[in-house]
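I have placed the structure first, in the form of structure tokens, so that the comments after it can refer back to it.
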């Protein structure tokens, strides 16, 4: 028996994007809509325009009888933000007023959003058990010298936006023996590029131009490839129906040959983690890598919650180099789950969609917090000490 009737509504905030029908993250929203009745929830999708705007739309979408239909904004009890770019302050204020006026309570977010890669890196570096996994990282600012780094790491440097997604606007800088430089990466449209630069000034101008367009971080370029294909390991950790962290599973994401990144949006594919690592590193070292991933996945969620506020799920990306060393690459509070659709484990794939609904029901049952920011008092069953349930890594 459910503790409320009729069903409560969770609004999912998504971006209106070109070449998406009818909005970004449609598959995720559709799967949640199909599963939501089992949790006595309704899903309502509210599309935030990608254009500069200061007003909320007057309508959203509901999934009915196999199609998305426009609908007026209903009474909303919970907000899930899936926008990959920050929502303007004016829109957030209207959302607060909307939820206040329709549900009679202060707005509740399903999860906070993590800040940029630099702040997350700094937070993780405070945990001694994680430091050996972290790549040396530098925030690019005016006057920061990248040249000593390139001398120290001759395999090259990797640059990426602090707030970037899907591998866009990332590039590698390599110094060649003939005193030229190679810059290769992906542009804002996720298209690959490669250029040769022949003067120091042209390299300096390239880096400066990139800093002008985006806030950037710089790291040593790591050789994280298998048979010429870059790969990483996505671990998905989610809160369950009891408000506790659990490891849903892991998948390998493999990029196309010669690419710098393994992101699926750049044309990559996904593979079960155990068999892939076995082929790359053998049985004994694969076991070591998977155990280290589980240990890190236990430490990271409560650490980030203690710094940035209540979270609901995290995509944690790891890399393993040619020597078998494990690296922590990135943590994402709005992870995609395309890789898990390719898993040979239907139960794991289902959990990627049902756990968000189970946690949403838990929040509504517990009347947990009016916001997601760092609490001044202890929350019921949602503190940063809520442990990771010890379940095995799936996908092998």
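In the numbering used here, the protein residues as written are 13 to 408. Just so it is clear, CB atoms sit at the ideal spot from N, CA and C, and this is done for glycine as well.
Around the CB of residue 356, fewer than 16 other CB atoms lie within 10 Å, so the residue is classed as exposed. The beta carbon of residue 161 is closer than 6 Å to those of 169 in its chain, skipping five residues each way along the sequence. Between residue 369 and residue 47, the C-beta spacing is below 8 Å.
Beyond the five residues adjoining it in sequence on each side, residue 152 comes within less than 6 Å, by CB distance, of 223, 228, 230 in the same chain, given in chain order. In this structure, the alpha-carbon of residue 218 lies about 12 Å from that of residue 196.
A Cβ-Cβ separation of about 5 Å places residue 233 in contact with residue 167 under the 8 Å criterion. Bounds of any beta strand (DSSP E) do not take in residue 191, whose DSSP letter is neither H nor E. Spanning the alpha carbons of residue 303 and residue 105 requires a straight line of approximately 44 Å. The Cβ atoms of residue 58 and residue 23 sit closer than 8 Å to each other.
Taken atom to atom, the span from the alpha-carbon of residue 102 to that of residue 66 is near 6 Å. If only uninterrupted beta strand (DSSP E) runs of at least 3 residues are considered, those enclosed by the stretch 300-361 are 325-332, 338-344. The beta-bridge partner set that DSSP reports for residue 217 is empty.
From the listed residues 291, 248, 121, 287, the smallest Cα separation to residue 88 is found for 121. DSSP places residue 291 in the helix class (H, G or I) of the three-state scheme. For residue 164, there is no enclosing beta strand (DSSP E); the enclosing alpha helix (DSSP H) covers residues 159-164.
Runs of the alpha helix (DSSP H) spanning 4 or more residues and lying entirely within the stretch 237-282 do not occur at all. Residue burial annotation: residue 134 is exposed, with fewer than 16 other C-beta atoms found within 10 angstroms of its C-beta. Residue 71: member of the beta strand (DSSP E) spanning 71-76, first to last residue.
Runs of beta strand (DSSP E) with 3 or more residues, each lying fully within the stretch 90-162, are found at 90-93, listed in chain order. Under DSSP, residue 179 takes part in no beta bridge, so it has no partner. Residue range 38-47 is occupied by the alpha helix (DSSP H) that includes residue 40, with no beta strand (DSSP E) assigned at that position. For residue 204, the CB contacts under 7 Å within the same chain, skipping 5 residues up- and downstream, are 198, 271 in chain order. Judged by DSSP secondary structure, residue 173 falls within the beta strand (DSSP E) whose first and last residues are 169-173. In this structure, the CA atom of residue 60 is about 18 Å from the CA atom of residue 21.
Straight-line measurement puts the Cα of residue 288 at about 9 Å from the Cα of residue 238. Under the three-state reduction of DSSP output, residue 373 falls in the helix class. For residue 88, there is no enclosing beta strand (DSSP E), as DSSP marks it with neither H nor E.
8 Å or more divides the Cβ of residue 96 from the Cβ of residue 25. Look at the beta carbons and you see the stretch 180-193 not touching the stretch 326-345: under three pairs across the two are nearer than 8 Å.
Below 8 Å, enough C-beta pairs join the stretch 238-249 and the stretch 324-339 to call them touching: three or more. Per DSSP, reduced to three states, the secondary structure at residue 67 is coil, with no helix or strand assignment. For residue 56, DSSP records a beta bridge to 23.
Annotation: residue 146 to residue 130 spans about 12 Å, alpha carbon to alpha carbon. Contact annotation: residue 354 and residue 260 have beta-carbon atoms that are not nearer than 8 Å.
By DSSP's assignment, residue 33 forms no beta bridge with any residue. Within 10 angstroms of the beta-carbon of residue 188 lie fewer than 16 other beta-carbons, which makes it exposed.
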